[in-house]
Structure formats: structure tokens, C-alpha cells
Amino acid sequence: MMEKDDSIMNCNSVRDELLQYDWDEVDRQRLTEILNHLAHCDECRSAMADFDRLRLVSRPIESDTEPTGGWTAFEHRLIDRMTRPRRRLGWVPPALAASLALAVVGWGLYLGSGGTRDQRAPSVNGGEVVRALTPQEIADRIEVFDQVSEVFDRRAGWVLISDQRSDMGVGQTPMRQDESLLLVRLSLLKDRSLFSNADLVIVPGQMARVSVPSHDGSVVRYQVTTSETDPRFLRLRVEVGSSNGQREGGAALATDLRLPSGKIVPAGQLVTSSGSYDVHVGICQSKTPSAPL
32 MMEKDDSIMN
42 CNSVRDELLQ
52 YDWDEVDRQR
62 LTEILNHLAH
72 CDECRSAMAD
82 FDRLRLVSRP
92 IESDTEPTGG
102 WTAFEHRLID
112 RMTRPRRRLG
122 WVPPALAASL
132 ALAVVGWGLY
142 LGSGGTRDQR
152 APSVNGGEVV
162 RALTPQEIAD
172 RIEVFDQVSE
182 VFDRRAGWVL
192 ISDQRSDMGV
202 GQTPMRQDES
212 LLLVRLSLLK
222 DRSLFSNADL
232 VIVPGQMARV
242 SVPSHDGSVV
252 RYQVTTSETD
262 PRFLRLRVEV
272 GSSNGQREGG
282 AALATDLRLP
292 SGKIVPAGQL
302 VTSSGSYDVH
312 VGICQSKTPS
322 APL
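Quick note, the sequence shown lines up with residues 32 to 324 if you use the working numbering.
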């Protein structure tokens, strides 16, 4: 009797994949077109090889052993490897870039991580766990954005860095050399403890939809819209849900803010069936390392 090849997809596995990725008819058709093009285009296959290379060099290290020269030297070597692609990349489909974002950006979590800390430590007023970005954190996150953007021909629209996840979005046009960046810190408290924390580096005028896993398995979903002309303006929508896409009972928080630069302030309260959450937001403006002084 012939043994069954587990690598061949059957009906159940196909349906499981479709449910997992939640593709509608348009998504499936688009994916089919991309794969058909990839099968016949040498240039795009070469680009995919570049993406595979990025995925390999940015894979998180599982060993606790400190690398040769320490973590700082490791970060510099990794940045150097990631910013010397074999060839310039052509247009990158946004969906494809998003699927590779975790591999591309994940190494950025090493920056500024001098050690682990209990993000859920209780605080009377949130002051111990909700804090503004420090100058070093700003420099680290701008550096991450700049290196990732170079890989994608300076078309990164935003980069998310959080304790649990990293992500990115690709714009249609390259970022100008003299263009500033906005750094947005998004902190969510529940029962006076830090429930979720994330930093978003975004090009002014861009909008980002991001999902940030929390320590208890829930997912905080943010929609952040910035202004091209007013670096203090932020349009924010926040909701808390489960990892399968279900939103907790209760209204989402939606608000327009004009924030003081460099500080983190309360932005409102989100009330759901599982409790209430206090939203804190901070914003500051900075240039990329490659921008002229």
C-alpha cells in the first residue's frame, strides 16, 4: 500500500488555510495572479530570493549565549548585512511586504532592550509603567525605520515596534530625504497595570492599522492617522478583541488629539465587557539619520 504524502494538501488543510488567512474572492484571485507571475518572471524570483535572505538573517536568536563582541556589535553586524542587498528591489506589493514585516523588523526589538522588565507592574496612577519616549529610544526606533526603509527603496510608510510584535506598511512613493518622521507611543492600561505597549514610527500624512498582542492573549487594534502639516495632530481609533478577530463587547474609542510634543498624556477610556482600559498616547517629531541637518 502506498504511503500518504503529508506534504500534499487535502480538502481539510485547504479549508483550514483559507479560514486562517481569511481570504475573500478578491484576495484569492490576487494571490493566484501573483503566483502565476512569479512562476514566469526571473526578476521577481530574484526579488523573492532577496526576501528569503532577509528572513534568514533576521531570524531571532534562541540561544541565551551572548554573541561575539556583545549585543551592540551584533546589532551593527545585522544592520550591515540587511542593508547590502544583492540588487535593488523593484515595486513590492503591499500585501507581500506586510507578510514579510515580522521577519524584516523583528530584529529591531533588540535595540534599546537592555534587559527584560515586568511590563505589568502595578502603579497607582500609571506613572511607573506609562512613560514618554527617551532620547535613546527615539534614536533606536528611527534607526530601525531607516534601515528597513532602505531595504524597501525608502518606501516604508510606517514601522511598528512592540514587545509582542513588529510590523510595517509600504507606501506608493519614496520618502523624501529631508522628510521628518513622527514617533507615536501607544500605551494601554488595565487595572492600573500596563496591558499593551507599542511604538509606531510613521511618515507624516500616513495612516496605519496595526494589531498589538497583549500579555493575556488579547489583541489591541489601533488605527492611527497623522497629519502632513501638523505634527501634533493624531486621529486615533482603539478597540480590544481576541486573536480570532472578534471584538470585545463595548464601543471602540475614537478621538482626535493635538498632543504636546515629547510627552505622553491620557487619550480616553475604552470600556468593554471585560473591563475598562485607559489609553495613553505620546508623540514627537524627528528626522531620519540619513536626512540632512
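Heads up, the beta-carbon is just placed ideally off N, CA and C, and yes, glycines get one too.
What you are looking at is a predicted structure, and each value in this text was computed from that prediction instead of being measured.
Distance, residue j Cα to residue i Cα
i: alanine 298; j: proline 205; result: 32 Å
i: serine 273; j: alanine 283; result: 14 Å
i: aspartate 47; j: aspartate 58; result: 16 Å
i: glutamate 270; j: arginine 196; result: 17 Å
i: threonine 257; j: asparagine 43; result: 43 Å
i: valine 296; j: leucine 290; result: 8 Å
i: alanine 187; j: serine 304; result: 36 Å
i: valine 234; j: phenylalanine 264; result: 13 Å
i: arginine 252; j: aspartate 194; result: 15 Å
i: aspartate 222; j: serine 307; result: 8 Å
i: glutamine 208; j: asparagine 41; result: 50 Å
i: glycine 293; j: aspartate 171; result: 16 Å
i: arginine 216; j: arginine 185; result: 23 Å
i: valine 190; j: glutamine 178; result: 11 Å
i: leucine 212; j: leucine 62; result: 32 Å
i: proline 166; j: asparagine 67; result: 47 Å
i: serine 224; j: valine 243; result: 16 Å
i: phenylalanine 226; j: serine 245; result: 6 Å
i: serine 317; j: glutamate 174; result: 11 Å
i: glutamate 74; j: glycine 313; result: 42 Å
i: isoleucine 192; j: glutamate 56; result: 31 Å
i: glycine 236; j: alanine 80; result: 32 Å
i: tryptophan 54; j: valine 250; result: 20 Å
First through last residue of the beta strand (DSSP E) which encompasses residue i
i: phenylalanine 183; result: No beta strand (DSSP E) holds phenylalanine 183; DSSP gives it neither H nor E.
i: threonine 286; result: 284-289
i: lysine 318; result: 306-318
i: alanine 298; result: 295-303
i: arginine 252; result: 250-257
i: methionine 238; result: 238-244
i: leucine 212; result: 211-221
Sequence-distant residues of its chain with Cβ nearer than 7 Å to residue i (five each side left out)
i: alanine 286; result: In the sequence as displayed, the identity of residue 286 is threonine instead of alanine. Cβ neighbours of threonine 286 beyond the five flanking positions: Leu267, Ala298, Gly299.
i: cysteine 315; result: Leu164, Ile169, Leu214, Ser292, Gly293
6 Å Cβ shell around residue i - same chain, five flanking residues per side excluded
i: serine 218; result: Val161, Asn228, His311
i: methionine 238; result: Thr256
i: glutamine 254; result: Arg240, Arg268
i: phenylalanine 176; result: Val190, Val232
i: aspartate 309; result: Leu220, Gln300
Reduced DSSP category for residue i - H, G, I as helix; E, B as strand; rest coil
i: serine 273; result: coil
i: alanine 229; result: strand
i: arginine 46; result: helix
i: methionine 79; result: helix
i: arginine 196; result: coil
i: valine 175; result: helix
i: aspartate 149; result: In this predicted model, aspartate 149 has a pLDDT of only 40, less than 50, meaning its place in the structure is not dependable; the value taken from the coordinates is given anyway. Reduced to three states, the DSSP call for aspartate 149 is coil.
Limits of the alpha helix (DSSP H) - the one that residue i falls within
i: valine 57; result: 56-71
Outcome for residue i when other beta-carbon atoms lying within 10 angstroms are tallied against a minimum of 16
i: arginine 76; result: exposed
i: leucine 69; result: exposed
i: valine 45; result: exposed
i: alanine 78; result: buried
i: valine 302; result: exposed
i: valine 240; result: As written in the sequence, residue 240 is arginine, which differs from the valine given in the question. With fewer than 16 Cβ atoms within 10 Å of its Cβ, arginine 240 is classed as exposed.
i: aspartate 247; result: exposed
i: leucine 49; result: exposed
i: glutamine 203; result: exposed
i: cysteine 72; result: exposed
i: aspartate 230; result: buried
i: aspartate 261; result: exposed
Beta-carbon proximity list for residue i, same chain, < 8 Å, skipping 5 on both sides
i: glutamate 259; result: Pro235, Gly236
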